[in-house]
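Colleague:
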Amino acid sequence: MESQAPNTFLHSWNWGEFHKKLGYKIFRLGISKKNGLIAVALFIKIPARRGTFLFCPHGPIFKARSLEERKTDIKKFLSEGKLIARKENCSFVRVSPLMEAADDNEKLFLSLGFRNAPTHMHAERSWILDLRPSEEELLKSMRKTTRYSIRKAQRDGVRIIQSDNPKHSLRFFPLYGTTVDRQRFTPFSEQYLTTEFEVFRKDGQAMWFFAKYNREIVSGAMVIKSNGSAFYHHGASSQKYPSVPASALLQWEAIREAKKSGLKRYNFWGIAPENEPNHPWAGITLFKQGFGGYAETYVHAKDYVLSPRYWITYFIEKIRREKRGL
1 MESQAPNTFL HSWNWGEFHK KLGYKIFRLG ISKKNGLIAV ALFIKIPARR
51 GTFLFCPHGP IFKARSLEER KTDIKKFLSE GKLIARKENC SFVRVSPLME
101 AADDNEKLFL SLGFRNAPTH MHAERSWILD LRPSEEELLK SMRKTTRYSI
151 RKAQRDGVRI IQSDNPKHSL RFFPLYGTTV DRQRFTPFSE QYLTTEFEVF
201 RKDGQAMWFF AKYNREIVSG AMVIKSNGSA FYHHGASSQK YPSVPASALL
251 QWEAIREAKK SGLKRYNFWG IAPENEPNHP WAGITLFKQG FGGYAETYVH
301 AKDYVLSPRY WITYFIEKIR REKRGL
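Each residue of the sequence shown is one higher than the last, beginning at 1 in the numbering used here.
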């Protein structure tokens, strides 16, 4: 099932194992026929002060291609999900489907009783780079300023280090802290980042990339490999040397490594909605798009309400989203 496209690692076996290690309850559901699985759904119980809910990240995943077949599968998952949610005292079920943001797909969920969630949970618009062209072709397809930044970082003596050593998470945390302070986003805990890396690393699916300049780590990224793609999942950088474009070279080396590994796509993860130049992610979106590629936009997160308590969550999340300008 993990070979289905589009796909991310958020519905992989290891994503479930990662959440188990963090102490979350997970529930794996599948629909099978004679030839094997035709649909799978990973549900994670999310206990939160604003309200506990059952969450399906970037799923369910289907082999079925017709809309009616998918609708039938979603009905089955929803039926079972509601039973689990009520047993676990959840006030709603939330799904973040990895389906194209087309009217038919949106209507499919609404016709089953879902409503639009007040916020997103994971990337709903991602920037993708096709790795099949040669390195020379990839460089030609970049924005001119991005190519210049890569070459300047090389001339400046920036060195890129790759590591699958879990202890090297410690190199990332100081950078991550300064990035959080600068960009004012809600950070993941050190336990979260370390556990994610360790779970995926045991299957050769996680790699740290660090950019070193003047004997200092000035940029870092966690890259996850899954389903024929490399995913730039976490990043951080220092502003100590603003004229040294270390992050551009780091991304280029991560792209080159993914290509050498036989992967077909490099997923830069989330970007801002189209035509929103004042969006908080506008700057990082401009950076990511400089490498060439294309956008994939997915169905917005959907909620299935089970209890009046849901509305507490709804209004809290709505207010938070508006404050962040998202």
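All C-beta atoms in this analysis are idealised placements derived from N, C-alpha and C, irrespective of residue type, glycine included.
Small disclaimer: the values here were computed from a predicted structure and weren't measured.
Throw me the rounded Cβ distance for the G328 and R171 pair, which I believe falls under 8 Å.
Modeller: Since the first and last residues shown for the chain are 1 and 326, residue 328 lies out of range.
Colleague: What residues in its chain sit with their C-beta under 8 Å from that of F62, if we drop five residues either side in the sequence?
Modeller: Counting only Cβ-Cβ distances below 8 Å, and skipping sequence neighbours, we find Q4, I38, A39, E69, R70, D73.
Colleague: Would a C-beta distance cut-off of 8 Å place T186 and L22 closer than the cut-off?
Modeller: No, these two residues do not count as a Cβ contact at 8 Å.
Colleague: Beta-carbon within less than 8 Å of R182's beta-carbon, same chain only, minus the 5 sequence neighbours each way: which residues are those?
Modeller: Around R182: Q239.
Colleague: Identify the continuous beta strand (DSSP E) that holds Q162 and give its terminal residues.
Modeller: Element bounds for Q162: 159 to 163.
Colleague: Starting from V180, trace the beta strand (DSSP E) in both directions and tell me its first and last residue.
Modeller: Unbroken run through V180 is the alpha helix (DSSP H), 169 to 183; no beta strand (DSSP E).
Colleague: Could you give the DSSP three-state label for Y232: helix, strand or coil?
Modeller: Strand at Y232.
Colleague: So for W252, helix, strand or coil by DSSP?
Modeller: Helix, per DSSP.
Colleague: Per DSSP, what are the beta-bridge partners of F27 in this structure?
Modeller: DSSP lists F43 as partners of F27.
Colleague: Can you give the Cα-Cα distance for L131 and I312, rounded to whole angstroms?
Modeller: Going from the Cα of L131 to the Cα of I312 covers about 44 Å.
Colleague: Which whole-angstrom value describes the C-beta separation of L306 and A85, a residue pair presumed to lie in contact below a C-beta threshold of 8 Å?
Modeller: Indeed they touch by this definition, with Cβ atoms about 6 Å apart.
Colleague: Can you tell me the Cα-Cα spacing of R49 and A211, whole angstroms?
Modeller: Answer to the nearest angstrom: the Cα atoms are 38 Å apart.
Colleague: Please report the Cβ distance between S237 and T179, rounded to the nearest whole angstrom; I am assuming they are in contact, meaning their Cβ atoms lie under 8 Å.
Modeller: S237 to T179, Cβ: 6 Å. Contact.
Colleague: Going by alpha carbons, who is nearest to I161 out of L112, L139, A246?
Modeller: I161 has its Cα closest to that of A246, out of L112, L139, A246.
Colleague: Quick one: what's got a C-beta closer than 8 Å to E216's C-beta in the same chain, skipping five residues either side?
Modeller: If we look at E216 and ignore the five residues flanking it on each side, its Cβ neighbours are S238, K240.
Colleague: Alpha carbon to alpha carbon, how far is D156 from T146? Give it in angstroms, no decimals.
Modeller: Their backbone Cα atoms lie some 15 Å apart in a straight line.
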